[in-house]
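Notes to accompany the following structure.
Residue numbers (my numbering): 326 to 1389.
Take a look at the structure:
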């Protein structure tokens, strides 16, 4: 039997339900009106406030986006409250209230101590400390163990489970680690609902993965789909807002059929469990699948066997932890364990049983406690702890001894370091502790128990069982324990009717020691397996002499007891009957109403006074008490008996009990002589009876007087103590009055200081606003770093250079992406911190923008260096001007070179140099001006119309053959130039310059993409030829180039014209 984890596994609404379920399964239960229409007019008592679900949300790293997506889908009236707990550094202010307030219409409030939760509101836990909830009110607490890792989500989820029970809902979002897992288990243990973010959508999968691994999650969804599922769940019949809880909604017939299905599938019978708990958990499963009728759910179980497995895990109530209820373990270690060890010999094997151990945390807690106790008492023992549970998965976890890192919140640091090994996936119990534990699957209700035990720890198991099963288990525990053995129950459990079997050692934490009692030695066990060592009687028909002699002796003893021993009963110190011998019906009878086996209450008329007096006298004086001739009324007649009460000293098991025997007195022989005196004898008997009653009253009065005198002495002593205490109180009161005056004075001073502080805060806030507006108005990207190069503040303009969001404050600069073509930013920052010499550099972004970067030390008012200030001034305009100036300079240089070249050609012309060398210079000048690779000079024959090449540079053989002699009309570009027109073909693929496509293909293969043809004219403006320039890439018009080429063409034309005249 497990008592610690509800094991439900879900991934949202069941897809199979849509295929197998009927229409009834798809309907949602509408909220029930708490006041029927017929009662509206009648006066009613004020209705209590409606209960509403409280949703605890845990998030850590990467949780902001998930929270925004979740609350962005929450409607304006969800009829539930949300409490958000995150991992935040105590020293930093949280901006979560502002951030979430932008994405939801619900009010978002920062939690203050003692705030009452109301529906349709979002509460944000501030950084630092832990959050608790009591009766719907939130309370902030300081962390109990600041040394151990803080688990604020687990802490709040546990508190939420205890306070809200089935109204508790938890959501685990993105985050590293495993915080939230144990708290989720606690909420499931109280029949709450659990929802987890899909791992694929979480930036950090640690927390969602750890929660899903428990197998308890009801829904695994993306954050934006969670609100719709929440509303559907809350509107269901199990958790309707206005629903009045009534566990009788599930008929007994349907419940029994579900028990049958569970037993057939799992082999375990849950009919001994409390029906209210079973019904509540079945109703919760129905609500998960949106099924309203028990008959529909029964059919759903029959059609979907996997749901039976899920329901089985739901019923395995299992909430546990290391050293749960730590004070209980402290009490156990302080006295009970040392006493137990002292009573056992050295090298003794201590045997301990933990039924319902779940995943083994309590077993290992006891093992650690035993190890510490053996070291403290310096008594070596071999310890064997048996841990049993119904849940085989939990047993496997217990055997592995590996637990998540959240256990550090429950285990003291010294124990954590000594008894656990830290691994990548959590903490593992050390081998020497694991070797003390033996785990197995067992049903404590029906399987045979472990015996000869020194201790049993059965905490929080009995509360889930019916009363008769609790009584059977308590008797079974008494049977399994050795004399003086310890029994530890949960704080909400009691020994009940079995209290006579155990002595309480600590009533608060339910620690008991086994009594040596004849009862419970052989308990009735609900098991189909015969008890070991007990065989059924079998008559072989063959007499056994040894057995026969023993049987004869026992039969003789039994015969003598039945014939001569008087009727008697054995009672304890409270008068409760523990054994009956003989026929006691003439003296005792059961009273009306609830049966109670108290011998005084069962005594017949006339016997109660003497019996009560005799029991009291025997207990007070430890002596045998005899009351003779007690007159008892039986069945309308009177009889006289002798009543004897004896305190039993031997044998040992019966010591402390009382033997009450009833001996009938023989009736007097009636004679003729005494018949006439019968009336007088009756009167005498009546007088004797009255005298005995008077004697009993006198004895009772004397006893009462003695008790009253003793009470008076105690009261006098108590009165003196009260007087002394009262004087101390008066003195304390005077001190409190003085302290009160001092506190009032201090409070006034604090009020003044608070007012001054408030004014300073307003001034600081105003100055901060002024500085922020100043920084933003300068349009300069500014970045503030602390001494560890972490981001402390930035302006909006800085986000264009470095990917920054509000949550990046506090992160290292090196972890952020900077859109800069500059690899020395972090190194320069460290250098400035080291040398305090500022750095200035021009840097360029990936998009081509230019900034002037300055890195200066951040100097405080106390002249201390506390970080750096980085500024980035936009210098794009300056850079553009510089680039234009450089381009202009380059163009001027090119023009100067071109003009120099033209001047040199003019000088050659004036010197009447060789025309061929002049043409070579013309080609060089044309290529330089046009920035091309090929150029030629051609001469026009006006009579034939042919154009002949006279000089070229860069032409291959194929082009030379084509351009050496051609007619102008063959090439439109050349034809225009021959006619005196400037021609430019920017791209031959877009505007073919050739009439014949084969000619165009020839030029394309030769790498020609553009053509420029400039006509050459002599001094009489006649066209004498042309300059043809070929480009490898498309070409655009350029007036500057055209002007320079025009001058060059005119000079070349003049030279060719003069040469022609000379030849003539």
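Virtual Cβ for every residue (Gly too), placed ideally from N, Cα, C. Just so we're clear, the structure is a prediction, and the values are computed from it rather than from any experiment.
Where residue 1398 sits in the DSSP three-state scheme = Look at the range of the chain in this structure, 326 to 1389, and you will see that residue 1398 is not part of it.
message = Looking at the secondary structure, which residues open and close the alpha helix (DSSP H) in which residue 532 lies?
response = Segment 531 to 538, the alpha helix (DSSP H) holding residue 532.
task = Look at the alpha carbon of residue 592 and the alpha carbon of residue 511, and state the distance between them as a whole number of angstroms.
result = Going from the Cα of residue 592 to the Cα of residue 511 covers about 27 Å.
task = Look at the alpha carbon of residue 908 and the alpha carbon of residue 775, and state the distance between them as a whole number of angstroms.
result = Distance between the alpha carbons of residue 908 and residue 775 is about 38 Å.
inquiry  = Closest to residue 385 by C-alpha separation, out of 1275, 530, 445 and 796, would be which residue?
reply    = Of the candidates 1275, 530, 445 and 796, the one whose C-alpha sits nearest the C-alpha of residue 385 is 530.
key: Runs of alpha helix (DSSP H) lying entirely within the region 394 to 462, each at least 4 residues, in chain order   = Whole alpha helix (DSSP H) segments, 4+ residues: 421 to 426.
request  = Under the assumption that residue 654 contacts residue 736 (Cβ atoms under 8 Å), give the Cβ distance between them as a whole number of angstroms.
outcome  = Incorrect: roughly 11 Å between the Cβ atoms, too far for contact.
ask   = Considering only residues of the same chain and omitting the five flanking positions on each side of residue 1104, which have a CB-CB separation below 8 Å?
value = Excluding sequence neighbours, residue 1104 sits near 1122 and 1199.
query = Where residue 1134 and residue 413 are concerned, what is the direct C-alpha to C-alpha distance, given to the nearest angstrom?
reply = C-alpha separation (whole angstroms): 12 Å.
query = If you draw a straight line from the C-alpha of residue 350 to the C-alpha of residue 609, how long is it?
reply = Because the pLDDT of residue 350 is 34, which lies under 50, any placement of that residue in the model is unreliable, and the number read from its coordinates should be weighed accordingly. Straight-line Cα distance between these residues: approximately 14 Å.
inquiry  = Excluding the 5 residues flanking residue 471 on each side, which residues of the same chain have their C-beta closer than 6 Å to its C-beta?
reply    = Any reading at residue 471 is ruled out, since the residue's pLDDT is 46, under 50, leaving its predicted position unreliable.
Helix, strand or coil at residue 1162 according to DSSP, with G and I counted as helix = Three-state result, residue 1162: coil.
ask   = So, are the CB atoms of residue 488 and residue 458 less than 8 Å apart?
value = Taking the C-beta atoms as reference points, residue 458 is found nearer than 8 Å to residue 488.
query = So what does residue 739 bridge to, in DSSP terms?
reply = Answer is none; residue 739 lacks a bridge partner.
message = Quick check on residue 1359: buried or exposed, where buried means 16 or more other Cβ atoms within 10 Å of its Cβ?
response = It counts as exposed.
task = Assign residue 1040 to buried or exposed, taking buried as 16 or more other Cβ atoms, counted over all protein chains shown, within 10 Å of its Cβ.
result = Classified as exposed, residue 1040 has fewer than 16 neighbouring CB atoms from the shown chains inside 10 Å of its CB.
message = Quick check: the Cα distance between residue 1102 and residue 1109, rounded to an integer number of angstroms?
response = Here the alpha carbons of residue 1109 and residue 1102 stand approximately 17 Å from one another.
query = For residue 1111, which three-state DSSP category applies?
reply = Coil, per DSSP.
message = Under DSSP, the beta strand (DSSP E) around residue 519 begins and ends at which residues?
response = Counted as a single uninterrupted DSSP element, the beta strand (DSSP E) harbouring residue 519 occupies residues 518 to 522.
inquiry  = Output needed for residue 868: all residues of its chain with C-beta closer than 8 Å, excluding positions within five of it in sequence on either side, in chain order.
reply    = Below a pLDDT of 50, predicted positions are generally treated as unreliable, and residue 868, at 42, falls in that range; no measurement from the model is reported.
key: Bridge partners - residue 907, DSSP secondary structure assignment   = According to the DSSP secondary-structure assignment, residue 907 is paired through a beta bridge with no residue.
query = Taking the alpha-carbon positions, what's the residue 784 to residue 590 distance?
reply = In a straight line, the C-alpha of residue 784 is about 28 Å away from that of residue 590.
task = Within 10 angstroms of the Cβ of residue 321, are there 16 or more other Cβ atoms? Answer buried if so, exposed if not.
result = Because the chain spans 326 through 1389 in this model, residue 321 falls outside it and cannot be assessed.
task = Starting from the C-beta of residue 436, find all residues in its chain whose C-beta is less than 8 Å away, skip the five residues before and the five after it, and write them out in chain order.
result = If we look at residue 436 and ignore the five residues flanking it on each side, its Cβ neighbours are 408, 448, 449, 450, 451, 456, 463 and 465.
inquiry  = Quick check: residue 702 and residue 670, are their CB atoms within less than 8 Å of each other?
reply    = Cβ atoms of residue 702 and residue 670: not closer than 8 Å.
task = Have a look at residue 658 and residue 652 and give me their C-alpha separation to the nearest angstrom.
result = Roughly 10 Å separates the two Cα atoms.
ask   = Between which two residues does the alpha helix (DSSP H) containing residue 628 stretch?
value = Boundaries of the alpha helix (DSSP H) harbouring residue 628: 619 to 628, taken from the DSSP string.
Cut-off 6 Å between Cβ atoms - residues of its own chain near residue 433, not counting five sequence neighbours on either side = Only 422, 425, 426 and 447 meet the Cβ criterion.
message = To the nearest angstrom, how far is the alpha carbon of residue 1314 from that of residue 1281?
response = For residue 1314 and residue 1281, the distance between alpha carbons rounds to 21 Å.
message = Under 8 Å: do the region 497 to 509 and the region 518 to 527 share three or more Cβ pairs, one atom per stretch?
response = Yes, they touch.
inquiry  = Between which two residues does the beta strand (DSSP E) holding residue 726 run?
reply    = Note, residue 726: premise wrong, no beta strand (DSSP E); not H, not E.
key: Extent of the continuous beta strand (DSSP E) run through residue 1392   = Any property of residue 1392 remains undetermined from this structure, which presents the chain solely from 326 to 1389.
task = Go to residue 1278, then tell me how far its beta strand (DSSP E) extends in each direction, as first and last residue.
result = Per DSSP, residue 1278 is one residue of the beta strand (DSSP E) stretching across 1271 to 1278.
key: Which of helix, strand or coil DSSP assigns to residue 776   = Look at residue 776 here: in three-state DSSP terms it is coil, with no helix or strand label.
ask   = Are the Cβ atoms of residue 1264 and residue 1273 separated by less than 8 Å?
value = Yes.
Contact between the region 391 to 400 and the region 538 to 554 (3+ Cβ pairs under 8 Å) = Contact between the region 391 to 400 and the region 538 to 554 is present, because at least three Cβ pairs lie under 8 Å.
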